[in-house]
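Those sequence lines, one after another, are chains A and B. For the first sequence, the working numbering assigns the number -13 to the initial residue and increments by one for each residue that follows. For the second sequence, the working numbering assigns the number -13 to the initial residue and increments by one for each residue that follows.
Number of protein chains: 2
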Amino acid sequence: MARHYVTIKDIAKILNISVSTVSRALRDTYDVNQETKEKVLALAAELNYKPNFNATGLAKGSTHNLGVILPFITNYYFSTVITGIQEVAYNNGYNITLFVTNDSPERELAIMENLSVSSLDGLLVSISSDSDSCNHFQEIIDEGVPVVFFDRVANEIDTSKVMQDDYNGAFEAVEHLILNGYTKIAHIAGPKGMSFTEARLKGYIDALTKHHLRINEDWIVYSGFSQEYGEQDTYQLLQLKQQPDALFAVNDRKAIGAMIALKNKGIKVGEEFGVIGFTNDPMSTIISPALSTIAEPAFEIGKLSCELLIKHITKPKYFHGEEIVLPGKLIVRESSMRKAKH
Amino acid sequence: MARHYVTIKDIAKILNISVSTVSRALRDTYDVNQETKEKVLALAAELNYKPNFNATGLAKGSTHNLGVILPFITNYYFSTVITGIQEVAYNNGYNITLFVTNDSPERELAIMENLSVSSLDGLLVSISSDSDSCNHFQEIIDEGVPVVFFDRVANEIDTSKVMQDDYNGAFEAVEHLILNGYTKIAHIAGPKGMSFTEARLKGYIDALTKHHLRINEDWIVYSGFSQEYGEQDTYQLLQLKQQPDALFAVNDRKAIGAMIALKNKGIKVGEEFGVIGFTNDPMSTIISPALSTIAEPAFEIGKLSCELLIKHITKPKYFHGEEIVLPGKLIVRESSMRKAKH
DNA sequence: GTGAAAGCGCTAACAC
DNA sequence: GTGTTAGCGCTTTCAC
């Protein structure tokens, strides 16, 4: 407590000049004498002067802070997105303040309600699963806070969004299974009502339809995103009298859970039963057989989101937001090998 | 730009009272009339008033911000630590500002030099690999900024630290291999010069010594922390004329790399060759055979670090820091099964 | 080119 | 119990 940091006032006093001159010198404003400027800079360095962002923020009405709100950070996708965000934030002189919702809508709401919007220049958000009400985001946007959504976007809200091409990725994944000889393809989906899971579901359905395969409602099971859910969902599928011979999982975690369930039941993945995921989590190369998947450009998504947000912040007049959809990439590994004849 | 948020002044004007009364009412200071207080609260809620943290920070000399500086977030350990930090920060009304160094000492230094210390109440840090100079941390501590180190700590610096018991974890891991019949145990280590890798190395050496096994310098290879390094290191070991029959890896990532190398060479992990890691990354259960390891209490480490930091901040007079060492836990899986006789 | 002064939003004496 | 005032550290007119 009672820490005193060196301020421009200190510098001004020592150099016997005014604070405004110091301020100008420090910020490299032109109308300041070269000599005084150098003296100021030298002294600032010597005293180890660091500007107080609170003060700067107050005075300028803009802070160096970007808020990032997301469900989790303990998985490959989100941690990589943050790394991307961090990268461009860092290069542009912004700090990021991290809020994790644990995928709880209540927590998300609580965070939003306590958010000191005035100390944030903008917000990057990936909404939590059951957050059906996005009013809190709309409100904040109405107040003029720039926000850009990534991955788990709120469709109703009109602002910038960046995401992967969930529909086409899913379509490609499922078509790949079909082309490899699988015909009874299930989908272990995410929760209902999220835009990206819906897109993946639609990709699944359309791929089947294109190839004249019947949609079997029993083969679509909705639940959470974890490996455990993937395992559970798969056991459920395997209890059906009419069993699938392949599955497309909404993400790699669930696909891995599925593979574990299949192994436990003695079913050979990649021969008798095809599996494909979505994400390209490093785990997919570790598990055996290696998991085929749709690679998501997570780092890129983080970078682009942050770049968009900065545009919103710096050019509010000229930039009115855009939606960016990045393509995924089919990565064929062992889990979806051509179905063995017997 | 030119966003105007509602301030206590606005509320004061509308209610025709002074700003200080509004301020008091909002912060629940006692000497304020129940009735006015209710009016203020009601209006604040109606207008969706949010305090400006920059202003509060400036006025009170303390912000709601904790800085977190660490090498990476894209792995199980660090992302889990952050989640723990986040949890207690959230419950105590702090925000966290995230800085990732990408394990680069230069980046770490740059971050520290640009750090607006005055807008941070404290700092949680895990240093980057080759950061041999910790002066920048010492300086900041000398200025009165509370900092606590976690995991990758700077030994020379006298402040709170929280880490797992690297020495005993390593000792136990290696002894486990020995007890399971392995006698020629290698260590694929981290870089030299970091305190936690040194501790793990020492645990390795002491376990061998206790069991009268010779230390073979060729069997200790130092490199980075990634899976790729683990693979490389292992190939290197396998080229030795005198080959080891087991290895202890400084972390699970490297252990997994090792397993991949061993598989590629046709060596049966867990029968001919024992492998054990450190961390308990979820990947260790995915890989086959499943990887034995020492589980680190990552979430707990995050929580404790943050709690310590908050103590430093709130009780600077009475709390002078402490070192917490959390025990790891040996988790035996398949990769270290009793060596098969032949 | 430089200084004085007001003000960003809030808190905290100090009066009354 | 409430208002007035000064001040946190910095920026920014507006003078000179």
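C-beta atoms are modelled at their ideal positions from N, C-alpha and C, and glycine is treated no differently.
Check the Cβ of residue i against every Cβ in chain B and list those closer than 7 angstroms, keeping chain order.
{"i": "Gly43(A)", "result": "Asn40"}
{"i": "Met269(A)", "result": "Met269, Ile272"}
{"i": "Ser105(A)", "result": "Asn38, Phe39, Asn40"}
List, in order along the chain, the chain B residues whose C-beta lies closer than 8 angstroms to that of residue i?
{"i": "Leu242(A)", "result": "For clarity, residue 242(A) is Ile in the given sequence; the question names Leu instead. Under the 8 angstroms cutoff, chain B gives Ile272."}
Would you check if the distance between the CB atom of residue i and the CB atom of residue j is smaller than 8 angstroms?
{"i": "Gly216(B)", "j": "Ile191(B)", "result": "no"}
{"i": "Gly252(A)", "j": "Ser321(A)", "result": "no"}
{"i": "Leu29(B)", "j": "Ser146(B)", "result": "no"}
{"i": "Ala281(B)", "j": "Gly70(B)", "result": "no"}
{"i": "Ser9(A)", "j": "Pro57(A)", "result": "no"}
{"i": "Gly179(A)", "j": "Val160(A)", "result": "no"}
{"i": "Tyr153(B)", "j": "Ala175(B)", "result": "no"}
{"i": "Ile126(A)", "j": "Val103(A)", "result": "yes"}
{"i": "Asp151(B)", "j": "Leu312(B)", "result": "yes"}
{"i": "Lys46(B)", "j": "Tyr(-9)(B)", "result": "no"}
{"i": "Asn40(A)", "j": "Thr49(B)", "result": "yes"}
{"i": "Thr60(A)", "j": "Thr87(B)", "result": "no"}
{"i": "Asn237(B)", "j": "Gly210(B)", "result": "no"}
{"i": "Ser4(B)", "j": "Asn38(A)", "result": "no"}
{"i": "Leu12(A)", "j": "Leu84(B)", "result": "no"}
Among the options, which has the Cα closest to the Cα of residue i?
{"i": "Gln229(A)", "options": "Tyr221(A), Val236(A), Ala235(A)", "result": "Tyr221(A)"}
{"i": "Gly288(B)", "options": "Phe135(B), His298(B), Asp151(B), Asp231(B)", "result": "Phe135(B)"}
{"i": "Ser181(B)", "options": "Ser291(B), Thr265(B), Cys292(B), Ser115(B)", "result": "Ser115(B)"}
{"i": "Tyr(-3)(B)", "options": "Ala31(B), Asp14(B), Phe157(B), Lys227(B)", "result": "For the record, residue -3(B) in the displayed sequence is Ile; it is not Tyr. The option with the nearest alpha carbon to Ile(-3)(B) is Ala31(B)."}
{"i": "Glu347(A)", "options": "Cys120(A), Asn78(A), Asp107(A), Ser105(A)", "result": "Outside the shown range of chain A (-13 to 328) lies residue 347(A), about which nothing can therefore be said."}
{"i": "Ile164(B)", "options": "Ser48(B), Lys315(B), Phe234(B)", "result": "Phe234(B)"}
{"i": "Glu99(B)", "options": "Leu33(A), Ile97(A), Val67(A), Asn237(A)", "result": "Leu33(A)"}
{"i": "Lys(-5)(A)", "options": "Asn19(A), Val26(A), Val54(A)", "result": "Val26(A)"}
{"i": "Glu142(A)", "options": "Leu1(A), Phe39(A), Lys254(A), Glu309(A)", "result": "Glu309(A)"}
{"i": "Tyr168(B)", "options": "Val18(B), Phe123(B), His198(B)", "result": "His198(B)"}
{"i": "Met323(B)", "options": "Asp238(B), Thr183(B), Asn166(B)", "result": "Asn166(B)"}
{"i": "Glu258(A)", "options": "Asp267(A), Ser270(A), Met245(A), Val148(A)", "result": "Met245(A)"}
{"i": "Met269(B)", "options": "Tyr62(A), Lys23(A), Ile0(A), Glu24(A)", "result": "Tyr62(A)"}
{"i": "Lys227(B)", "options": "Asn202(B), Lys196(B), His173(B), Val236(B)", "result": "Asn202(B)"}
Please list, in chain order, the chain A residues whose beta carbon lies closer than 8 angstroms to that of residue i.
{"i": "Thr66(B)", "result": "Thr60"}
Below 8 angstroms on the Cβ atoms is my guess for residue i versus residue j; work out the distance and round it to an integer in Å.
{"i": "Ser291(A)", "j": "Leu101(A)", "result": "Not a contact, Cβ separation roughly 18 angstroms."}
{"i": "Ile317(A)", "j": "Thr279(A)", "result": "5 angstroms"}
{"i": "Leu223(B)", "j": "Trp205(B)", "result": "7 angstroms"}
{"i": "Lys249(B)", "j": "Gln213(B)", "result": "The pair is not a contact, with the Cβ atoms about 13 angstroms apart (cut-off 8 angstroms)."}
{"i": "Gly260(B)", "j": "Lys325(B)", "result": "7 angstroms"}
{"i": "Ala232(A)", "j": "Ile273(A)", "result": "Not quite, the Cβ-Cβ distance comes to about 17 angstroms (not below 8 angstroms), so this is no contact."}
{"i": "Val139(B)", "j": "Phe123(B)", "result": "No, Val139(B) and Phe123(B) are not in contact; Cβ-Cβ is about 10 angstroms, not under 8 angstroms."}
Can you tell me where the beta strand (DSSP E) holding residue i begins and where it ends?
{"i": "Val207(A)", "result": "206 to 208"}
{"i": "Ile164(A)", "result": "Careful: Ile164(A) lies outside any beta strand (DSSP E), inside the alpha helix (DSSP H) at 152 to 165."}
{"i": "Glu258(B)", "result": "No beta strand (DSSP E) holds Glu258(B); DSSP gives it neither H nor E."}
{"i": "Ala235(B)", "result": "232 to 235"}
{"i": "Ala30(B)", "result": "First-last for Ala30(B): 20 to 33, but that is the alpha helix (DSSP H), not the beta strand (DSSP E)."}
{"i": "Asn81(A)", "result": "81 to 86"}
{"i": "Val111(A)", "result": "108 to 111"}
{"i": "Lys315(A)", "result": "315 to 317"}
{"i": "Leu1(A)", "result": "Not the beta strand (DSSP E): Leu1(A) falls in the alpha helix (DSSP H), residues -6 to 1."}
{"i": "Glu94(A)", "result": "Careful: Glu94(A) lies outside any beta strand (DSSP E), inside the alpha helix (DSSP H) at 91 to 100."}
For the alpha helix (DSSP H) that residue i lies in, which residues bound it at each end?
{"i": "Thr7(B)", "result": "5 to 12"}
{"i": "Ala326(A)", "result": "Note, Ala326(A): premise wrong, no alpha helix (DSSP H); not H, not E."}
{"i": "Thr220(A)", "result": "213 to 224"}
{"i": "Ala193(A)", "result": "181 to 196"}
{"i": "Asn121(B)", "result": "121 to 128"}
{"i": "Lys301(B)", "result": "Taken as a continuous stretch (DSSP letters only), Lys301(B) belongs to no alpha helix (DSSP H), as it is neither H nor E."}
{"i": "Ala45(A)", "result": "39 to 46"}
{"i": "Phe64(A)", "result": "62 to 77"}
{"i": "Glu282(A)", "result": "It is not in any alpha helix (DSSP H) - Glu282(A) carries neither H nor E in the DSSP assignment."}
Kindly list, in the order they appear in chain A, the residues whose Cβ is closer than 9 angstroms to that of residue i.
{"i": "Val86(B)", "result": "Ile68, Thr69, Gln72, Glu73, Tyr76"}
{"i": "Glu125(B)", "result": "Asn34"}
{"i": "Thr83(B)", "result": "Asn51, Asn81, Ile82, Thr83, Leu84"}
Note down, in chain order, every chain A residue with its Cβ under 7 angstroms from the Cβ of residue i.
{"i": "Thr49(B)", "result": "Asn40"}
{"i": "Leu101(B)", "result": "Lys36"}
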